[in-house]
Structure formats: C-alpha cells, structure tokens
Amino acid sequence: MLAVSLRCVTRPGGSKLAILVLKNAQLTLQAVQVRAYSSEYSHHEARVESIRNIGIIAHVDAGKTTTTERMLFQSGRTRHLGNVDHGNTTTDFLPMERERGITIQSAAITFQWPPKSLCPPGIEPQTINLIDTPGHQDFRYEVDRCMPILDGAVCILDGVKGVETHTERVWSSAHLSRIPRLLFVNKLDRDGASFRRSVQEVATRLKTWPLLCQIPWWNKDDLWGVIDVIHQHGLRFNTTNGSMNVVSKDSIARDNPALKDEMETARLRLIETLSEHDDQIMEDFLEHEGNVPSSSIKRAIRRLIMDGRARFTPVFAGASLRNIGVQPLLDAIVDYLPSPLDRPPLELTMGMKATTLTQVLEQRIKRKGTHHSEAPIAAIAHVFKVVNDPRHGMMSWLRVYHGTFNRSSNMWNSNTHMFEKPQHILHVSAKDHHSIAHLSTGHIGAMTNLKSARTGDTLITFPGHHGGGNHAPEPFGNLRIKAPDTPPAVAFISIEPYTRTASEKLEEALSKLEREDPSIRWSKNEKTGQLILSGMGELHLEIAQDRLWNHYKIDRDSAVWGDIEVEYSECLLAPTGPHRALYDRTIRDKQGRAGCTVSLEPLEADPGHEHQGALLESAVEREGNILHVSIPLPEDSTTLPFDPDLVRQQLINGAIAGLARGPRRNAPVRRCRVHITFDPATDYFGESVSTGGHITNAALAAVKAALKAAHENKTVGILEPFTRVQIHCPEEAGNAIQHDLVAARGGQVEEVRRPEDMDRSQVIQPFNTPSKGSSGEDGEQGVEEEEEFKVDPSKVYVPPDPYESVDSLRGPKKAVVRMLTIIGKAPLKEMMKYDGHLRSLTGGRHTLVLDPAGFELVVGPRERALEEGR
Ligand code: GDP
Ligand code: MG
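Set out below in structure tokens:
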C-alpha cells in the first residue's frame with residue numbers, strides 16, 4: 076500500500092508549494108508545484124521569438140478539446156477543469172458545440188507557459204497561441220484554412236484507436252503547409268489502449284520516424300504517469316489536479332528494475348536514430364563516450380523536425396482527461412516547435428506571380444517628398460477566420476506576418492480592393508476578449524467592425540498611407556497570402572421564404588454566414604425566389620441551419636426548409652469549338668462594348684493541389700475548373716493599351732459566373748479547362764468603351780454560349796459526389812454490411828482489415844498521402860527527398876505494452892467482440908443517414924467514417940433515375 080501525505084507551504088508571492096511524501100513506495104520525491112491561481116496572465120506584447128502559434132489537430136474524439144482545457148488549466152489561464160462530457164469547456168463555447176460535444180469553430184486561445192511562478196529567475200514565460208481545430212471531416216476546410224497561420228502543430232492520437240482516417244488527413248494538410256509537428260498519444264488510461272500499436276501505426280501510416288521522448292509508465296494495468304526518456308526520470312501525476320512529481324531513476328530501479336532497463340534502452344535507441352541523421356549528435360556521442368547530454372538530444376530533435384517535412388516526429392504519451400502528461404507536452408511545444416522567426420519565408424502571390432514576403436520587403440521604393448527608400452509595404456496580415464460574435468459583431472481573426480497594425484491603420488484588403496479601419500483590436504482567449512493597442516509580427520488577434528474582410532483575405536498597410544484614397548500603390552495592391560482553395564460543395568438545402576421581408580432577412584444572414592465560412596455558399600433563383608444554401612456535408616449544413624435559426628434569429632416558420640440533398644454538378648464529355656461573344660449592352664446607364672472568345676475542354680479529374688505550383692503563371696484553378704487567359708500582343712506594338720492583370724481578372728470573374736450554372740440541371744460546372752482569348756485588336760474598344768463590367772459580361776456570355784452548344788450536342792454529363800467509407804464493425808455483421816454497400820448502395824469495397832492484419836510489418840497506404848509536387852515551387856526537390864526517405868517499421872523501437880506479458884489482466888475484456896474494418900467508397904447520396912441504417916445491422920456497435928472522395932460521372936440506371944427525378 077502506498078501512503079501519501081501532503082505538506083503545504085506558502086512561498087513569498089503567495090504561490091503554494093506542496094511537498095508530497097510517499098511512504099513504503101521507496102520513491103524519492105522532489106518538491107512539486109501545485110498550480111497557483113494568480114492572475115499572472117498579462118497582456119503585454121510578447122517578443123516574437125517567444126511566441127508559439129500552435130494548432131491541435133486530430134481525428135474527432137481523440138481528445139483535442141480535453142487536452143486544450145487541461146493546458147489552459149495548467150497554465151493558470153482557467154480555474155476550473157472544463158469537461159466536454161459536462162459541456163462546460165472553455166473552447167467549445169457555442170451552444171451547439173456544447174450540446175454535441177464537438178468543436179465546430181476553431182477557437183484561438185492565448186496563454187503563457189510556463190506560468191511565471193514556475194519560471195526560473197531570468198527566464199520569461201513563452202506565449203502560446205493555441206488553435207483548437209475541429210475534427211469532423213465536414214469541417215476539414217476549417218482545419219486547412221488554419222494551417223497557413225500555424226508555425227507548429229500537436230497531433231493527438233487516441234491510444235485505443237491509433238491512427239484514424241482524419242488523423243491521416245490533417246497530417247497531410249500539415250504536410251502541405253510544412254508544419255513541424257509533435258505527436259501526443261492520449262487516452263492511455265483506457266482499457267485496450269496500446270502505446271505500442273499507436274506508435275507502429277505512426278510509422279506505417281503517417282510515414283514518419285517516431286522519436287520516443289516519453290514512454291508510458293504503467294503499473295500493472297494502471298497508467299501512473301510517463302517516463303521522460305531524455306532526462307531519465309519518471310513523472311507521476313495527481314489525476315485530480317495534475318500536479319506532477321519527478322521520480323528519480325534510482326527509485327524506479329528499486330521499485331521496477333524492468334522499467335529502468337526499458338528507459339535506458341529507449342534513450343539509447345533515440346540517440347541511435349538521431350545520430351543516423353544528424354552529424355552533430357554523432358560528434359556529441361563520441362565526445363561524451365555515449366553519455367550524450369540531454370540538451371544535445373533536444374537540440375538534435377529540434378533540428379530534425381524544423382523543416383516541417385515530418386520525416387521525424389517526437390512522440391509524447393499521456394491521458395489528458397486524467398491530467399497525465401499535459402505539462403511535459405507544453406514544455407515540448409516550447410522546446411521543439413518553432414517561433415514565427417524560425418519559419419521559412421511566407422509565400423505570396425502578386426497578381427498571377429508567385430513571390431515571398433522576403434522578396435517583397437527587399438524591394439525599395441521612394442515615396443514623393445522623402446529622400447530615403449523603404450520597403451513597399453509596412454505591414455501584412457492574413458484573415459483566417461471571421462465570426463459574428465454576439466458581443467462584438469463581425470470579428471475578423473488575423474495573424475500578422477510583418478509590421479504592426481493599430482486602430483488607426485488604413486488597411487488595404489487585396490481581395491475586396493478596399494481600405495478599411497478596425498474599431499478595436501482584441502486579444503482573444505476563448506470567450507474572453509481584451510482590447511489592445513496594436514498587433515505586430517507573429518501575433519494572432521481579432522479586429523472588430525471590418526466591413527468587408529472575409530475569411531482568407533489579406534490585409535496590408537503601406538508606408539505613409541494614412542489618409543483616404545481608393546487605390547493601393549501598384550502592383551502591391553494585388554499582394555495576397557496564399558490561402559487554400561475552397562473545396563466544392565457536396566450537399567445543399569433549399570429554402571423558400573414566404574415573404575419578401577423574410578427573404579431579405581435570410582439573404583443578409585446568409586451573406587454573413589458566407590463571410591464567416593467560405594465553404595458555405597448560397598444563391599438565389601431570381602425567378603422563383605428560392606434560396607439555395609450549400610456546404611460540405613450533412614453536419615456542416617445542419618450546423619449552418621442551426622446558426623441561422625439560433626444565432627441570426629431567423630424565424631423557422633418564415634420559410635419552407637428542404638431536406639439536405641446531394642449537390643450534383645455538370646461536366647463536359649467532349650471539347651467545344653471556340654465561341655466568340657460581343658457584349659454591347661448598357662451597364663448602369665453606361666454604353667459600352669467588349670468581346671472575347673472561349674473554348675472549353677473536359678479535364679480528366681478534379682484539379683487537385685498538385686496543379687497549383689505549375690499553374691500560377693498562366694492559369695488559375697477555381698471551383699474545380701482551370702482557367703487560362705491569353706492576351707496576344709498587337710502586331711504593331713510591344714505594349715498593351717490596358718492593364719493585362721486587371722483585364723485577366725475581369726475575364727476570369729465572368730467565366731466563373733458563367734460556370735456557376737450548367738445548361739443541363741442548373742448545377743455548377745466542374746472539371747473544365749477554359750481557354751479565354753482577349754484580342755486587343757478585335758475585343759477592346761478603348762478605356763471608356765470596354766469597361767470592366769463589359770469585359771466580365773463578354774466572358775460570361777461566351778462561356779454560356781459554349782455550354783449551350785455542348786448541351787445541344789449531348790456532351791454534358793452529370794457528376795455526383797462520392798465519399799470514402801470506413802466502417803468499423805463486429806465481424807458477424809461484416810458480410811451483411813459489405814453486401815448492402817455494394818448491391819443496394821452502388822458502392823465498392825476496397826479492403827477489409829482484420830485486427831491481426833494490423834501488425835507492424837504491414838504498410839498500409841493512407842487515403843490522403845501528400846500528392847506529388849504538392850508543395851508548389853520547391854515541390855520537386857521535396858518529393859525527391861521524401862521518396863528517398865523511408866521509414867522501416869521493423870526498425871522502429873517501441874516498448875511492449877504491459878498487458879502483453881500480463882495477459883490475464885486485459886485478455887478477457889479484449890476477446891469479447893472481434894471487430895473488423897471495411898474500407899470502400901460509395902455515392903454520398905446513399906451514405907446520408909447511413910449511420911442509422913448501420914445501427915440496425917450492428918446493434919449500434921459500429922463506427923462510420925466518411926471522407927469526401929471527389930466526384931464521379933453518373934451513368935446507366937443512376938443517370939436515368941436522376942433524369943426522372945427519382
Ligand atoms: P475532441 O473531439 O478531439 O475535441 O475530443 P474531446 O476532448 O471532446 O474528447 C472526446 C471524449 O474522449 C470525451 O468523452 C472525453 O472525456 C474523452 N477523453 C479525452 N481524453 C481522454 C483521456 O485521456 N482518457 C479517457 N479515458 N478519456 C478521454
Ligand atoms: Mg473538440
């Protein structure tokens with residue numbers, strides 16, 4: 076039996092120091108800090124090198140919210156331990172989130188670590204800006220959208236389930252943005268948890284070398300704490316308040332010699348792996364005769380993960396619900412993940428050209444009336460989230476990459492091409508907001524009362540540009556931070572308002588909703604008055620609908636709300652010839668004229684990320700189509716009578732509008748390559764005649780004419796969204812489910828995994844491994860390196876789980892139901908409400924994971940059924 080007594084002393088300054096005394100366990104315990112509730116959180120601006128902008132990424136239910144809550148608690152930011160199961164967490168603060176126990180909107184929270192009271196003299200706490208991202212795949216765009224603003228990420232695994240589908244997805248999103256990562260294997264207190272299997276899956280499925288910085292400390296079947304592999308001691312946690320005791324290696328050796336041996340093996344294996352890839356640590360190894368200092372190991376780990384390619388990933392262990400492992404994870408964030416200064420230059424586009432922030436800042440301009448030259452921009456920030464807040468109205472969250480924004484900053488929005496000023500700048504910490512004077516490089520904060528900023532926009536200030544004026548200095552007014560493309564919608568709801576007033580109210584709310592979340596789109600059929608709200612899936616639309624009713628106070632009875640339906644789209648089955656349009660109607664009382672020629676060609680598949688790097692100079696990808704614009708130079712001249720970048724943009728806008736409604740079902744057109752030719756000799760009639768509006772309308776009319784011709788030739792097909800399906804179910808229901816999926820749902824089964832297949836030797840191909848060339852400009856080089864770099868799962872060290880030797884403890888529980896995993900794909904339409912159907916086949920003992928799998932052509936009986944409206 077363990078006997079525990081606690082002595083408490085108050086230190087100068089009021090913080091409490093508790094000394095835990097364990098008897099009989101022969102453990103030498105050191106003094107432990109019990110967290111003090113001081114209001115030590117301060118709003119002074121942190122130095123940029125001490126900032127960590129971190130995202131927490133994971134599959135739904137892995138414990139992101141719980142871990143975030145525990146981090147806030149340990150840092151002194153909150154005084155209660157929020158619990159998702161009781162609906163009282165700090166980050167999931169929307170009523171809908173609390174009700175469903177899921178995180179819908181990624182919330183930004185700032186706190187400091189270590190708390191000032193725990194910092195040794197002369198050491199300043201670091202500021203952690205934490206983004207708790209949603210784990211449900213319907214909100215995956217929200218995760219992607221946050222990626223570019225993160226400098227590092229913590230990926231959480233459920234220690235029972237290991238690497239899950241969405242883990243792979245967010246992992247590859249982080250990969251595309253080259254974000255250095257840590258892994259936290261959570262829920263190790265749960266029955267059936269396996270650190271060993273989780274780490275093996277990290278190697279096989281995430282294809283990264285796990286660097287075990289910790290191993291779990293199990294005492295028989297109980298998780299006591301973690302072993303710090305680098306410093307060679309144990310960390311035991313009080314599961315009620317998370318206070319942490321350091322237990323020396325000697326005590327562990329006395330108590331549990333096998334564990335002591337394992338911790339030594341773990342350190343040796345860690346050093347071996349590091350020294351195979353890092354010369355410095357090899358030198359340290361030789362110099363110190365094998366006894367490498369902990370600080371050298373930590374520096375080597377940091378060096379190896381800094382490039383964000385995740386060839387190596389430090390692994391930590393714990394159970395955040397039980398307060399186990401949270402403080403060391405926070406230490407790891409501070410120690411291993413980069414500050415904004417450690418990141419590669421920010422990628423930008425200027426018009427159609429790719430550039431970097433460093434290249435822009437290196438340019439020098441001379442302003443009128445000044446003698447010195449200066450950088451062309453003073454500050455630049457990315458709007459990564461817009462939210463309608465009950466207290467503050469429209470709030471725009473931003474991350475600053477360079478310079479300082481303050482309340483009088485005249486900010487240029489390079490997407491909407493407008494200047495605006497914030498009312499307040501806020502420091503945001505979950506639902507607490509504090510007004511601050513300015514926001515500078517590396518920081519995350521929110522601005523209120525911006526009129527036009529949408530999620531994904533870029534805000535810029537220019538030197539000396541305080542006053543009015545409508546124009547930004549060219550060409551810097553087109554400078555944009557690369558943001559992920561909005562993926563195509565796959566489902567929609569139709570809304571039919573009863574009155575005009577109701578319609579107006581709805582339209583206003585829908586516009587706000589769209590500003591908040593660009594993956595929500597809406598449109599209005601002017602003839603029927605019907606509104607269409609489309610989004611990324613069932614849950615996404617349910618939440619949007621709920622937000623309209625509860626947040627925007629739309630009266631449910633003011634309209635007829637349709638069911639959630641699948642969004643079809645249209646595509647070309649053959650190329651169309653060139654179609655010229657001359658637009659010469661009056662626009663807003665202005666007579667004018669412009670022309671252009673358009674030809675269309677089918678694309679084999681949806682353009683993916685891989686096109687982006689190659690596309691930038693000559694074409695753009697929008698809504699699943701690729702648009703090229705060519706403007707031939709006149710024979711007798713070397714200059715153009717207009718700004719080609721501006722005209723190109725106007726033509727693209729027109730073409731996009733033309734593709735928004737196809738000729739066959741009025742559905743969006745996708746997978747189309749659009750060639751637009753604008754010949755100055757025949758299509759342009761001078762600045763006052765060929766206005767922007769006329770050029771845009773010419774492109775719109777030409778695209779419509781080309782689509783109409785294709786429809787008359789019967790070369791327009793229908794695409795329907797498909798979804799990847801992963802069903803984890805009891806073995807006995809497996810056959811019935813496979814049969815249902817294939818015969819009744821038009822789906823396919825690609826693989827059936829049984830638990831015994833999941834051993835370490837098997838390398839399973841994840842759904843979303845980063846695609847080739849996906850990293851844009853430096854993609855080639857990156858891919859080559861990645862192809863050479865292989866993780867050999869058989870060489871990955873991981874300690875055995877305790878119950879592998881103590882079978883009797885967990886054996887009986889594990890053997891009750893044999894489960895298997897069915898993997899395949901099916902039309903999304905057939906998978907709506909499928910969870911309920913599966914329940915009848917499995918008695919509720921299943922999990923269903925759906926992940927978008929692009930669009931497929933509807934043919935045969937499915938096409939006939941669609942035509943007949945069945
Ligand atoms: P999220 O969806 O990733 O944000 O996950 P949550 O934090 O909402 O947690 C999902 C569920 O797992 C909740 O019921 C939590 O109480 C539970 N949970 C989270 N962490 C742990 C843990 O360390 N151990 C156990 N046993 N349960 C946990
Ligand atoms: Mg959550």
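Numbering (the numbering used here), first residue to last: 76 to 945. Beta carbons: idealized from backbone N, C-alpha and C, even for Gly.
Inspect the beta-carbon positions of leucine 925 and glycine 520 and report whether they are closer than 9 Å. Locating residue 925 in the sequence shown gives position 850, where the first residue counts as 1. Locating residue 520 in the sequence shown gives position 445, where the first residue counts as 1. Result no, Cβ atoms of leucine 925 and glycine 520 do not sit closer than 9 Å.
Complete alpha helix (DSSP H) runs within the segment 538 to 613 (minimum length 4 residues, chain order): List check, alpha helix (DSSP H) in window: 575 to 591.
Let me know the beta strand (DSSP E) ranges lying completely inside the segment 766 to 815, each 3 residues or longer, listed in chain order. Correct list: 791 to 805.
Near aspartate 219, which residues of its chain fall below 6 Å by C-beta distance, leaving aside the five closest residues on each side in sequence? Numbered from its first residue, the sequence shown carries residue 219 at position 144. Only Ser248 and Pro559 meet the Cβ criterion.
State yes or no: is the C-beta of lysine 904 within less than 9 Å of the C-beta of glutamine 823? Here residue 904 refers to the residue found at position 829 when the sequence shown is read from its first residue. Here residue 823 refers to the residue found at position 748 when the sequence shown is read from its first residue. Not a contact, by the Cβ cut-off of 9 Å.
Looking at glutamine 289 and valine 871, is the spacing between their C-beta atoms short of 9 Å? Counted from its first residue, the sequence shown places residue 871 at position 796. Counted from its first residue, the sequence shown places residue 289 at position 214. Not a contact, by the Cβ cut-off of 9 Å.
Let's see if you can read the secondary structure: which residues bound the alpha helix (DSSP H) around tryptophan 246? Position 171 of the sequence shown holds residue 246. That run of the alpha helix (DSSP H) goes 240 to 251.
Check cysteine 221 in the structure and name its three-state DSSP category. Taking the first residue of the sequence shown as 1, we reach residue 221 at position 146. Note: cysteine 221 maps to helix in three-state DSSP.
Cβ-heavy atom distance between lysine 262 and ligand 1 below 8 Å? Counted from its first residue, the sequence shown places residue 262 at position 187. The nearest non-hydrogen atom of ligand 1 is less than 8 Å from the C-beta of lysine 262.
Determine the direct distance from the alpha carbon of leucine 715 to that of valine 722, and round the result to whole angstroms. As a working mapping, residue 722 is identified with position 647 in the sequence shown. As a working mapping, residue 715 is identified with position 640 in the sequence shown. Our two residues, valine 722 and leucine 715, have alpha carbons roughly 11 Å apart in a direct line.
Regarding valine 924 and ligand 1, is the C-beta to nearest heavy atom distance less than 8 Å? Within the sequence shown, residue 924 is the residue found at index 849, counting from 1. Not so, every heavy atom of ligand 1 lies at least 8 Å from the Cβ.
Run through DSSP, which three-state label would alanine 756 get? Residue mapping note: residue 756 aligns to position 681 of the sequence shown, counting from 1. Correct three-state label for alanine 756: helix.
How many angstroms separate the CA atom of alanine 742 from the CA atom of arginine 736? Counting from one through the sequence shown, the residue named residue 742 turns up at place 667. Counting from one through the sequence shown, the residue named residue 736 turns up at place 661. Their Cα atoms are separated by approximately 5 Å.
Exposed or buried, proline 593, counting other C-beta atoms within 10 Å across all chains shown (16 or more means buried)? Position 518 of the sequence shown holds residue 593. Buried.
Is there contact here, the segment 348 to 368 with the segment 314 to 334, by at least three beta-carbon pairs under 8 Å? No contact exists between the segment 348 to 368 and the segment 314 to 334.
Isoleucine 198, buried or exposed, once every other Cβ within 10 Å from all chains shown has been counted against 16: Stepping through the sequence shown from its first residue, residue 198 is reached at position 123. Result: exposed.
Going by C-alpha to C-alpha distance, which of Thr142, Pro419, Glu589 and Glu364 sits closest to leucine 396? For the purposes of this step, residue 396 is taken as residue 321 along the sequence shown, with counting starting at 1. Comparing Cα-Cα distances from leucine 396 to each of Thr142, Pro419, Glu589 and Glu364, the minimum goes to Thr142.
Report the partner residues of arginine 655 according to the DSSP bridge assignment. Reading the sequence shown from its first residue, position 580 is the one you call residue 655. Beta-bridge partners assigned by DSSP to arginine 655: Thr672.
Go ahead and pull the three-state DSSP assignment for phenylalanine 312. As a first step, residue 312 must be located in the sequence shown, where it is residue number 237. DSSP, reduced to helix, strand and coil, places phenylalanine 312 within a strand of the structure shown.
Would you report the Cα separation of valine 277 and tryptophan 284, rounded to the nearest angstrom? Looking up residue 277 in the sequence shown gives position 202. Looking up residue 284 in the sequence shown gives position 209. Valine 277 and tryptophan 284 have their C-alpha atoms spaced approximately 8 Å apart.
Counting only the same chain and skipping the five closest in sequence on each side, list residues whose C-beta sits under 8 Å from that of valine 933. Start at 1 with the first residue of the sequence shown, and residue 933 comes out as number 858. Result list for valine 933: Tyr643, Gly792, Ile793, Leu794, Glu795 and Leu941, in chain order.
DSSP three-state call for glutamate 698: helix, strand or coil? Within the sequence shown, numbered from 1, the residue matching residue 698 stands at position 623. Here glutamate 698 sits in coil by DSSP.
Less than 9 Å between the beta carbons of methionine 381 and proline 413, yes or no? Along the sequence shown, read from residue 1 onward, the residue named residue 381 stands at position 306. Along the sequence shown, read from residue 1 onward, the residue named residue 413 stands at position 338. If you check the CB distance, methionine 381 and proline 413 come in under 9 Å.
Boundaries (first-last residue) of the alpha helix (DSSP H) holding aspartate 724: Start at 1 with the first residue of the sequence shown, and residue 724 comes out as number 649. A small correction: the amino acid at residue 724 is glutamine; aspartate does not occupy that position in the sequence shown. Where glutamine 724 is concerned, the enclosing alpha helix (DSSP H) stretches over 719 to 734.
Three-pair Cβ contact test at 8 Å for the segment 625 to 632 versus the segment 239 to 254: With a cut-off of 8 Å on Cβ pairs, the segment 625 to 632 is not in contact with the segment 239 to 254, counting fewer than three such pairs.
At least three beta-carbon pairs within less than 8 Å, the segment 800 to 815 to the segment 914 to 921: By the C-beta criterion, the segment 800 to 815 is judged to be in contact with the segment 914 to 921, since at least 3 inter-stretch pairs fall below 8 Å.
Quick one: what does DSSP say histidine 615 is sitting in, helix, strand or coil? Sequence index remark: in the sequence shown, residue 615 carries index 540 (1-based). In the three-state reduction of the DSSP assignment, histidine 615 falls in the helix class, which pools H, G and I.
At which residues does the beta strand (DSSP E) containing aspartate 233 begin and terminate? In the sequence shown, the residue the question calls residue 233 occupies position 158. Here the beta strand (DSSP E) through aspartate 233 covers 227 to 233.
Pairwise C-alpha distance: aspartate 233 and glycine 296: Here the question's residue 296 lines up with position 221 in the sequence shown. Here the question's residue 233 lines up with position 158 in the sequence shown. Before going on, a small fix: residue 296 reads as aspartate here, not glycine. Spanning the alpha carbons of aspartate 296 and aspartate 233 requires a straight line of approximately 17 Å.
Rounded to a whole number of angstroms, what is the C-alpha to C-alpha distance between glutamate 115 and proline 190? As a first step, residue 115 must be located in the sequence shown, where it is residue number 40. As a first step, residue 190 must be located in the sequence shown, where it is residue number 115. With a pLDDT of 33 at glutamate 115, under the threshold of 50, the modelled position of that residue is not reliable, and no figure is offered here.
For aspartate 539, count the other beta carbons within 10 Å of its own beta carbon; 16 or more makes it buried, fewer makes it exposed. Which is it? As a first step, residue 539 must be located in the sequence shown, where it is residue number 464. Sequence inspection shows glycine at residue 539; the aspartate mentioned does not correspond to that position. Only exposed fits glycine 539, as fewer than 16 other CB atoms lie within 10 angstroms of its CB.
According to DSSP, is leucine 648 helix, strand or coil? One-based indexing of the sequence shown puts residue 648 at position 573. Three-state result, leucine 648: coil.
In the structure shown, what three-state DSSP assignment does isoleucine 305 receive? Counted from its first residue, the sequence shown places residue 305 at position 230. Coil.
Measure the C-alpha to C-alpha separation of leucine 147 and glutamine 187 and round it to an integer number of angstroms. Translated into positions along the sequence shown, residue 147 becomes position 72. Translated into positions along the sequence shown, residue 187 becomes position 112. Between leucine 147 and glutamine 187, the C-alpha separation is close to 9 Å.
Just mark glutamine 724 as buried or exposed, buried being the case when its beta carbon has 16 or more other beta carbons within 10 Å. Along the sequence shown, read from residue 1 onward, the residue named residue 724 stands at position 649. When all chains shown are included, glutamine 724 counts as buried.
At a cut-off of 8 Å, would you count glycine 393 as near ligand 1, judging by its Cβ distance to the nearest heavy atom? What you label residue 393 is simply residue 318 of the sequence shown in a count that begins at 1. Yes, the Cβ of glycine 393 comes within 8 Å of a heavy atom of ligand 1.
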